[in-house]
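Read the structure below first, then the notes.
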Amino acid sequence: MIKNKILLDWIEEINNLCEPKDIIIWDGSQALFDRVSEDQVKTGKAIRLNPKKRPNSLLYRSHPSDVARIEKRTFISTSSRDTAGPTNNWINSEELKPIMLNLYKGSMKGRTMYVIPFSMGPIGLDMSRLGVEITDSAYVALNMQIMTRTGSKVIDLINQGQDFVKCLHSVGYPLENGMEDPAWPCAPIDEKYISHFPEENMIWSYGSGYGGNALLGKKCLALRIASSMAMKQGWLAEHMLILKLTDPSNQVRYITGAFPSACGKTNLAMINPSIKGWKAETVGDDIAWMHLKEDGRLYAINPEAGFFGVASGTSEKSNPNAIKTVSKNTIFTNVALTDDGDVWWKDLTDEEPDHLIDWHGNDWYKGDLMRPDHPNARFTSPLTNCPTLAENFEEPVPISAILFGGRRPTTIPLVHQSFNFKHGIFLGSIMGSEITAATIDENIGKIRRDPFAMLPFIGYNIKDYINHWASFIDKTKEDLLPKIFYVNWFRKDESGFLWPGFGDNARVLKWILERTENKDNFQETPIGYVPNLKAFDLDALDISKNNLKELTKVDRDVWLDEVKSIEKYFMDLYGDSLPILLKDELNQLKVRLNS
Ligand code: GTP
Ligand code: SPV
Ligand code: MN
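Using my numbering, read the sequence shown as starting at 4 and increasing by one per residue.
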């Protein structure tokens with residue numbers, strides 16, 4: 004039972020503002036989950052998949068305009084533009100609030116309002132943070148149950164006086180008397196707002212029901228609001244996977260990896276190493292919260308309780324552990340439906356089925372030009388479904404290496420190590436990647452810089468973000484900090500990817516862990532240390548000599564062009580406030596390339 008006055012008052016306030024027909028306090032029980040799921044199926048919002056094929060699983064089809072995060076309608080709202088900085092859309096909070104309050108007025112008419120108390124991170128852990136999402140979307144409630152720890156234990160902590168982030172969400176489709184409810188209600192694009200108020204630790208989302216726009220514990224709280232809290236409190240909230248690696252001598256180490264959306268975090272987090280004697284286990288696939296502990300090392304937790312993963316491309320061949328993870332208790336969004344009540348997406352099987360119902364709900368036949376699934380179709384599954392989940396997945400784990408990466412068809416080698424932590428921050432700051440379908444954008448496929456894979460997720464000024472990363476150098480010993488690497492599984496030539504990727508990425512991980520122990524397995528180049536191929540595990544690897552050479556080559560002319568592009572990027576983004584660290588590192592890179 005909720006006793007906390009702040010929470011009770013807030014529920015009352017939102018009830019009066021949004022005028023829902025009734026209220027459900029989310030208790031996190033399976034019984035409630037089942038009851039709401041059943042109701043969703045009965046009212047035609049969701050399809051229950053064939054329980055013999057996919058037990059306890061649902062399929063949702065979104066509105067065609069509501070298929071991904073929408074960055075141009077995502078705002079950091081504060082009292083001054085400078086706190087949000089150049090990477091965020093900013094609106095003055097005093098200006099935005101009346102606009103949004105007007106939208107929220109009566110916005111839940113005819114709908115149930117769900118009050119969902121949740122914990123990001125294990126309930127009660129000092130590194131965890133609490134939130135309460137009020138939403139009029141059952142889809143959101145069901146997904147939050149999988150993605151976060153919800154229910155009465157969280158209410159107990161709030162009753163004891165623990166702070167929580169107020170997260171308000173409405174699909175923005177009030178049902179005035181007798182109106183029919185569409186399968187996926189949402190508001191037109193210009194009425195959508197995904198707004199963050201870091202000065203008040205508050206989130207207001209309106210008009211979208213999709214993933215990162217609506218499951219407010221995820222990108223909104225665990226990255227945008229948390230990154231701003233982390234800056235003030237001396238920790239890091241990052242868009243990173245967390246992986247546990249055990250080598251043939253049974254030594255256990257942990258790494259994190261920041262790759263932009265749809266660039267391989269879930270895949271690496273569930274890797275089946277192709278090299279003998281190595282074991283990989285999953286801790287997290289999207290977000291890492293990292294704190295320095297008394298021993299001077301950086302420890303990470305996964306604040307989430309589930310996976311919200313990209314379906315497309317996931318197959319028994321590319322990611323068998325994800326295939327097992329989605330075998331039951333899973334919510335699918337925008338995948339295709341098979342004739343026997345199961346799901347299908349591009350590349351799930353080599354052979355396309357003869358007939359499907361596509362993500363719009365229309366017939367689809369083999370050979371049709373339009374694909375039957377959306378490229379950003381997703382699965383929502385509990386962490387505990389994952390066969391490679393580490394048994395200690397709820398403990399903070401010490402990080403030995405941080406990987407940055409992205410989709411770069413040229414220029415960036417398969418892997419290189421930074422000379423030190425400071426240089427590593429520079430590598431994070433210049434990351435770039437092809438834009439993917441994880442966000443609604445006309446420029447899919449074009450390269451954009453995505454520093455630390457956090458471009459759409461830093462909740463404050465990026466210059467302060469860089470300086471915050473730099474502050475860790477003074478807080479502990481360089482030796483104790485994770486070593487920083489830049490990886491690129493996506494180098495291409497005319498015939499496609501140069502590197503086989505997936506399970507073979509373990510070869511790169513092995514090299515990386517050897518580097519953390521200063522093994523002599525490298526060659527020095529102007530951009531950092533790259534593998535010495537004589538000391539790189541090529542055992543039973545099917546790859547041409549030429550591809551390997553290409554993957555580890557650092558071409559000075561190409562890099563001098565890259566430097567020009569970085570200089571322009573830094574100038575456009577930071578202008579006069581380029582952090583000194585970045586200025587220094589760029590100068591040193593130029594010197595090394597010209598010597
Ligand atoms: P978000 O959930 O959006 O943050 O994405 P993510 O970073 O977790 O990406 P994910 O692992 O879901 O991979 C996205 C796409 O990249 C999928 O289609 C994968 O098949 C593909 N992919 C992942 N790893 C590799 C790799 O090593 N090589 C190649 N060629 N493709 C990969
Ligand atoms: C991403 O886009 O990085 C995702 C999916 O993980 S979403 O939750 O929609 O942000
Ligand atoms: Mn992500």
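The C-beta atom is built at its ideal place from N, Cα and C for all residues, glycine as well.
These numbers come from a predicted model, not from an experiment.
ask   = Do the stretch 92-108 and the stretch 368-376 make contact, defined as three or more Cβ pairs closer than 8 angstroms?
value = Not touching, per the Cβ criterion.
query = Under 8 angstroms, do I79 and K195 count as touching if we go by C-beta distance?
reply = No; because the gap between Cβ atoms is not below 8 angstroms, this pair is not in contact.
ask   = If you drop the 5 nearest sequence neighbours on each side, which residues of the same chain put their C-beta closer than 8 angstroms to that of T115?
value = Listed in chain order, the non-local C-beta contacts of T115 below 8 angstroms within the same chain comprise P23, K24, D25, I26, I27, D139, A141, local neighbours out to five positions each way being set aside.
task = Count the other C-beta atoms from every protein chain shown that fall within 10 angstroms of the C-beta of L104, then say buried if there are 16 or more, exposed otherwise.
result = L104 is classed as exposed because its beta carbon has fewer than 16 other beta carbons within 10 Å across all chains shown.
request  = Evaluate N91 with the Cβ neighbour count: other Cβ atoms within 10 Å of its Cβ, from every protein chain shown; 16 or more gives buried, anything less gives exposed.
outcome  = In summary, N91 is buried, with 16 or more beta-carbon neighbours lying within 10 Å of its beta-carbon over all protein chains present.
query = Just checking my contact of P188 with Y176 at CB under 8 angstroms: how many whole Å lie between their CB atoms?
reply = About 3 angstroms separates the beta carbon of P188 from that of Y176, a gap short enough to meet the 8 angstroms contact definition.
Top-ranked residue by Cα proximity to G409, from L178, V490, M111, F200 = For G409, the closest C-alpha among the options L178, V490, M111, F200 is that of V490.
request  = List the whole-angstrom C-beta distance separating A240 from L226, where the pair is believed to meet the contact cut-off of C-beta under 8 angstroms.
outcome  = Between A240 and L226, the beta carbon gap of about 6 angstroms places them in contact (Cβ cut-off 8 angstroms).
request  = Use the C-beta contact count for I405: other C-beta atoms within 10 angstroms, 16 or more gives buried, fewer gives exposed.
outcome  = I405 counts as buried, since no fewer than 16 other beta carbons sit within 10 angstroms of its beta carbon.
Own chain residues within Cβ distance below 6 angstroms of S321, not counting five before or after = F505, listed in sequence order.
inquiry  = Using DSSP's beta-bridge definition, name the partner residues of S436.
reply    = Bridge partners of S436: R451.
Selected residue, minimal CA-CA separation from T414, among D558, P399, S474, G31 = Comparing C-alpha distances from T414 to each of D558, P399, S474, G31 shows the shortest one belongs to D558.
Residues near T317 in its chain [Cβ-Cβ closer than 6 angstroms; skip 5 each side] = Closer than 6 angstroms at the Cβ level, and outside the excluded window around T317, lie A325.
inquiry  = Check for me: the alpha helix (DSSP H) holding C21 runs from which residue to which?
reply    = 8-21 is the extent of the alpha helix (DSSP H) around C21.
key: Own chain, CB closer than 7 angstroms to G287, minus 5 neighbours either side, in chain order   = Cβ within range, chain order: L244, I245, A272, N305, E307.
query = For Y368, which option in S65, T341, S330 has the closest C-alpha, if you only look at C-alpha atoms?
reply = A check of alpha carbon separations from Y368 across S65, T341, S330 identifies T341 as the nearest.
query = In angstroms, rounded to a whole number, what distance separates the CA positions of Q420 and N524?
reply = Each residue's Cα considered, the two are about 12 angstroms apart.
ask   = Quick one: is the Cβ of S436 within less than 7 angstroms of any heavy atom of ligand 3?
value = No, since every heavy atom of ligand 3 falls outside the 7 angstroms radius drawn around the Cβ of S436.
ask   = Buried or exposed: where does E354 fall if 16 or more other Cβ atoms within 10 Å of its Cβ makes it buried?
value = By the 10 Å Cβ count, E354 comes out exposed.
inquiry  = Can you give me the C-alpha to C-alpha distance between W347 and C223, rounded to a whole angstrom?
reply    = Straight-line measurement puts the Cα of C223 at about 29 angstroms from the Cα of W347.
message = Using only CA atoms, which one of T86, E445, K425, I450 lies nearest to E437?
response = Taking only the C-alpha atoms, the option nearest E437 is I450.
query = Quick one: what's got a C-beta closer than 6 angstroms to A456's C-beta in the same chain, skipping five residues either side?
reply = Cβ within range, chain order: H242, A261, F262, P263.
message = Using C-beta distances below 6 angstroms, list every residue in its chain close to T269, excluding the 5 sequence neighbours before and after it, in chain order.
response = If we look at T269 and ignore the five residues flanking it on each side, its Cβ neighbours are D288, G312.
inquiry  = If distances are taken between C-alpha atoms only, which option among G134, Y213, S60 comes closest to T442?
reply    = Nearest to T442 by alpha-carbon distance, out of G134, Y213, S60, is Y213.
request  = Give a single yes or no on whether D444 has its beta carbon closer than 7 angstroms to a heavy atom of ligand 3.
outcome  = D444 Cβ: outside cutoff for every heavy atom of ligand 3.
ask   = The beta strand (DSSP E) spanning F78 covers which residue range?
value = Following the DSSP letters along the chain, one finds F78 inside the beta strand (DSSP E) bounded by residues 77-81.
query = Going by the C-beta, is S211 closer than 7 angstroms to any heavy atom of ligand 3?
reply = Answer for S211: no, Cβ out of range of ligand 3.
inquiry  = Judging by CA-CA distance, which residue of T81, S68, E570, A87 is the nearest neighbour of L1?
reply    = The displayed coordinates of the chain run from 4 to 598. Any statement about residue 1 would go beyond what the structure contains.
task = Have a look at N337, Q165, W207, H358 and flag the residue whose alpha-carbon is nearest the alpha-carbon of I9.
result = Taking the Cα of I9 as reference, the smallest distance to any Cα among N337, Q165, W207, H358 is reached at Q165.
request  = Count the CB pairs spanning the stretch 494-513 and the stretch 529-546 that are closer than 8 angstroms, and state whether there are at least three.
outcome  = Because the criterion of three Cβ pairs below 8 angstroms is met, the stretch 494-513 and the stretch 529-546 touch.
request  = Only counting runs of 4 or more residues, tell me where the alpha helix (DSSP H) segments fall wholly within the stretch 452-479, in order along the chain.
outcome  = Entirely contained in the stretch 452-479, the alpha helix (DSSP H) runs reaching 4 residues are, in chain order, 465-478.
inquiry  = For a quick check, are the C-beta atoms of R452 and I465 less than 8 angstroms apart?
reply    = The beta carbons of R452 and I465 sit no closer together than 8 angstroms.
request  = Return yes when the C-beta of S264 is under 7 angstroms from any heavy atom of ligand 3, and no when it is not.
outcome  = A distance criterion of 7 angstroms places the beta-carbon of S264 in contact range of ligand 3, judged by its closest non-hydrogen atom.
Identity of the residue in V594, I428, P276, R411 nearest P251 by Cα = Closest by alpha carbon: P276.
ask   = Among R84, C21, L585, which one has its Cα closest to the Cα of I428?
value = Looking at R84, C21, L585, the one whose alpha-carbon comes closest to that of I428 is L585.
request  = On the DSSP bridge assignment, give the partners of D496 in chain order.
outcome  = Residue pairing for D496: DSSP places it in a beta bridge opposite G499.
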